[in-house]
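Participant:
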Amino acid sequence: MDAKHRIDIATPLLDWYDRHRRDLPWRARPGEVPDPYRVWLSEVMLQQTTVATVRPRFTEWTRRWPTFADLAAADEAQVMAAWAGLGYYARARNLLAAARVIAGDHGGALPDSEAALRALPGFGDYTAAAVAAIAFGRRAVVVDANVERVVARLFAIAAPLPGGRKAIRAAAETITPDERAGDFAQAMMDLGSAVCSPRKPRCLLCPLHHACAAQATGTPEAFPVKKPKAVRPHRYGTIFWLERDGTVLLVRRPGSGLLGGMRALPTGAWTDAPPELADAPVGADWQIVDERVRHGFTHFTLELAVAIATTHDAVNTGEWWPIARLNEAGLPTLFAKAADVARRAR
DNA sequence: CAAACGTGGCG
DNA sequence: TCGCCAAGTTT
42 MDAKHRIDIA TPLLDWYDRH RRDLPWRARP GEVPDPYRVW LSEVMLQQTT VATVRPRFTE
102 WTRRWPTFAD LAAADEAQVM AAWAGLGYYA RARNLLAAAR VIAGDHGGAL PDSEAALRAL
162 PGFGDYTAAA VAAIAFGRRA VVVDANVERV VARLFAIAAP LPGGRKAIRA AAETITPDER
222 AGDFAQAMMD LGSAVCSPRK PRCLLCPLHH ACAAQATGTP EAFPVKKPKA VRPHRYGTIF
282 WLERDGTVLL VRRPGSGLLG GMRALPTGAW TDAPPELADA PVGADWQIVD ERVRHGFTHF
342 TLELAVAIAT THDAVNTGEW WPIARLNEAG LPTLFAKAAD VARRAR
């Protein structure tokens, strides 16, 4: 696209942003200097996660670890436990790893270029661009799901995602301004959230209404076009609740993979058929309770039986955790649900 | 490039 | 009830 024929999207969008911007805990108010630590943390927490979920978790996290140095010095088990319930736990591992690189190799401050940021753990194309723009005012083409939707509609880009991302990025490049790059990125996200929403876009409220090719077609909600998703398989498993003197046996899951690095209740393999008591951590008088635990992951659904037993023996794998303080263990939601079922059934 | 990787809310 | 969707990254 010839630069002389580019439509000025930034001016009406930034005007709209100045009137309608959301006040968020990680966002610098007009005239304030952004805190790169808070910008970075919010960007990571917000990956595939809603603002409503992140808001209280961000506040708790920054009260506990207010700076890069605080986080870099944190205990890994406590960091993982603090992330419990947020999902995509590789984010927490990468967050801590990046904090330690920043503290060790970057003098305790984030690098301010997109390329240097991109090299840090957990920084992909989106996060590197977003932090460069929002925290450091660098011009960067920031493309998240909101920007994809807004741009796909503005230009009526019909190529289905994910293949269509190339065309969307090229179009986003043409509308990204040199000044106020961070505000522009956040304005696109606020617009995508409040106005250019996935199901029912509020085109009558949109500051870009007259420039929007999708709106002109009469069915703006048809953009972006997406490739159909594969069906999710259904799997079965058993969770083991082993009790001893007011404590329950917890284990630490392997450092990578599903729920990697998190505390958990012992569980066997998750398979196409109910495994019953296979893979029990110890021999015991196991009783399977009636209620099942159902849980949906991104790529499969899971149905768990809960087996309960009491022991007085020593067990050398895992840690005995006080049942009265189980809410402090940092269990992922799946295991918290299973623990509720087990406690009700005792 | 496709698949793995969590969870909660909404229509 | 259920599929879609959310400020993506890694392998």
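For reference, each letter of the first sequence is one residue, going 42 to 387 in the working numbering.
Glycine residues also receive a C-beta, built at the ideal position from the N, C-alpha and C atoms.
What separation, rounded to the nearest whole angstrom, lies between the Cα atoms of methionine 136 and glycine 302?
Facilitator: The sequence as given places leucine at residue 136; methionine does not occur at that position. Their backbone Cα atoms lie some 13 angstroms apart in a straight line.
Participant: Identify the residues that DSSP records as bridge partners of tyrosine 277: which are they?
Facilitator: Tyrosine 277 pairs with Thr312 and Glu344.
Participant: Helix, strand or coil: how does DSSP classify arginine 180 here?
Facilitator: Coil at arginine 180, not helix or strand.
Participant: Assess, as a yes-or-no matter, whether the region 154-164 is touched by the region 219-228 under the definition of 3 or more beta carbon pairs within less than 8 angstroms.
Facilitator: No, they do not touch.
Participant: Indicate whether alanine 325 and leucine 367 have their beta-carbon atoms separated by less than 8 angstroms.
Facilitator: No, the pair does not count as a contact, with Cβ atoms beyond the cut-off.
Participant: Could you give the distance in angstroms between the alpha-carbon of arginine 276 and the alpha-carbon of tryptophan 311?
Facilitator: Those two C-alpha atoms are separated by around 6 angstroms.
Participant: Quick check: what's the CA-CA separation for aspartate 43 versus threonine 52?
Facilitator: Its pLDDT being 49, under 50, aspartate 43 is placed unreliably in this model, and the value from its coordinates should be taken loosely. Using only the alpha carbons, I get a separation of about 19 angstroms.
Participant: If I measure Cβ to Cβ from glutamine 328 and keep anything under 8 angstroms in the same chain, skipping five residues before and after, which residues do I get?
Facilitator: Ala348, Ile349 and Ala350, listed in sequence order.
Participant: Restricting to Cα atoms, I'd like to know which of Ile216, Asp111 and Ala186 is closest to arginine 206.
Facilitator: It is Ala186 whose Cα lies nearest to the Cα of arginine 206.
Participant: Quick check: what's the CA-CA separation for valine 236 versus threonine 168?
Facilitator: Computed Cα separation, rounded: 23 angstroms.
Participant: Counting C-beta neighbours from all protein chains within 10 Å, is the total for leucine 246 16 or more, i.e. buried, or is it exposed?
Facilitator: Counting Cβ neighbours within 10 Å, leucine 246 comes out exposed, since fewer than 16 surround it.
Participant: CB valine 80 to CB isoleucine 175, shorter than 8 angstroms?
Facilitator: Yes, Cβ-Cβ distance for valine 80 and isoleucine 175 is below 8 angstroms.
Participant: So, do the region 265-272 and the region 183-201 have three or more beta carbon pairs nearer to each other than 8 angstroms?
Facilitator: Yes, they touch.
Participant: May I have the straight-line CA-CA distance separating proline 307 from arginine 105, to the nearest angstrom?
Facilitator: The alpha-carbon atoms of proline 307 and arginine 105 are separated by roughly 29 angstroms.
Participant: Buried or exposed: proline 4, going by 16 or more other Cβ atoms within 10 Å of its Cβ?
Facilitator: For residue 4 there is no data in the structure shown, the boundaries of the chain being 42 and 387.
Participant: Ends of the beta strand (DSSP E) at histidine 335?
Facilitator: Correcting the residue identity first, residue 335 is arginine in this sequence and not histidine. Where arginine 335 is concerned, the enclosing beta strand (DSSP E) stretches over 334-337.
Participant: Ordered along the chain, which non-local residues of its own chain (more than five positions away) have a Cβ less than 7 angstroms from that of threonine 100?
Facilitator: Here the set comprises Pro66.
Participant: Spatial neighbours of arginine 141 within its chain, please: C-beta separation below 6 angstroms, excluding the five flanking residues on both sides.
Facilitator: Hits under 6 angstroms: Ala113.
Participant: For a quick check, are the C-beta atoms of alanine 255 and arginine 194 less than 8 angstroms apart?
Facilitator: Yes, these two residues count as a Cβ contact at 8 angstroms.
Participant: Going by DSSP in three states, valine 120 sits in which element: helix, strand or coil?
Facilitator: Three-state result, valine 120: helix.
Participant: Residues in its own chain within less than 6 angstroms of leucine 375 by CB, not counting five upstream and five downstream?
Facilitator: The residues are His336.
Participant: With 16 other CB atoms within 10 Å as the buried threshold, where does threonine 91 fall?
Facilitator: Threonine 91 comes out exposed.
Participant: With C-beta atoms as the reference, is alanine 305 less than 8 angstroms away from valine 292?
Facilitator: Result yes, Cβ atoms of alanine 305 and valine 292 sit closer than 8 angstroms.
Participant: Using DSSP with H/G/I as helix, E/B as strand and the rest coil, what is alanine 305?
Facilitator: Residue state, collapsed to three classes: strand.
Participant: Assign lysine 45 to one of three DSSP states: helix, strand, or coil.
Facilitator: Interpretation of lysine 45 is limited by its pLDDT of 47, a score under 50 that renders its predicted location unreliable; no figure is taken from the coordinates.
Participant: Taking the alpha helix (DSSP H) that arginine 243 belongs to, which residues open and close that run?
Facilitator: Where arginine 243 is concerned, there is no enclosing alpha helix (DSSP H), given that its DSSP letter is neither H nor E.
Participant: Measuring CA to CA, which of Arg96, Phe281 and Leu55 is closest to arginine 221?
Facilitator: Looking at the Cα atoms, Leu55 is the closest of the given residues.
Participant: What whole-angstrom Cβ distance do valine 382 and glutamate 332 have, given they're in contact under 8 angstroms?
Facilitator: Valine 382 to glutamate 332, Cβ: 5 angstroms. Contact.
Participant: In the DSSP assignment, find the unbroken beta strand (DSSP E) run with proline 97 in it and report its ends.
Facilitator: No beta strand (DSSP E) contains proline 97, which is instead part of the alpha helix (DSSP H) from 92-105.
Participant: Measure the C-alpha to C-alpha separation of aspartate 116 and glutamate 360 and round it to an integer number of angstroms.
Facilitator: If you take the alpha carbons of aspartate 116 and glutamate 360, they lie about 17 angstroms apart.
Participant: Given tryptophan 362, which residues of its chain have a CB within under 7 angstroms of its CB, disregarding the five upstream and five downstream residues?
Facilitator: Contacts found: Thr288, Val289, Leu291 and Ala370.
Participant: Using the C-alpha atoms, what's the distance from alanine 211 back to proline 261?
Facilitator: Answer to the nearest angstrom: the Cα atoms are 20 angstroms apart.
Participant: My output table needs one value for threonine 288: the three-state DSSP class, helix, strand or coil.
Facilitator: Residue state, collapsed to three classes: strand.
Participant: Please list, in chain order, all residues of the same chain as lysine 45 whose beta carbon is under 8 angstroms from its beta carbon, the five residues on each side excluded.
Facilitator: The predicted model places lysine 45 with a pLDDT of 47, which falls under 50 and marks its position as unreliable; any figure quoted below should be read in that light. If we look at lysine 45 and ignore the five residues flanking it on each side, it has no Cβ neighbours.
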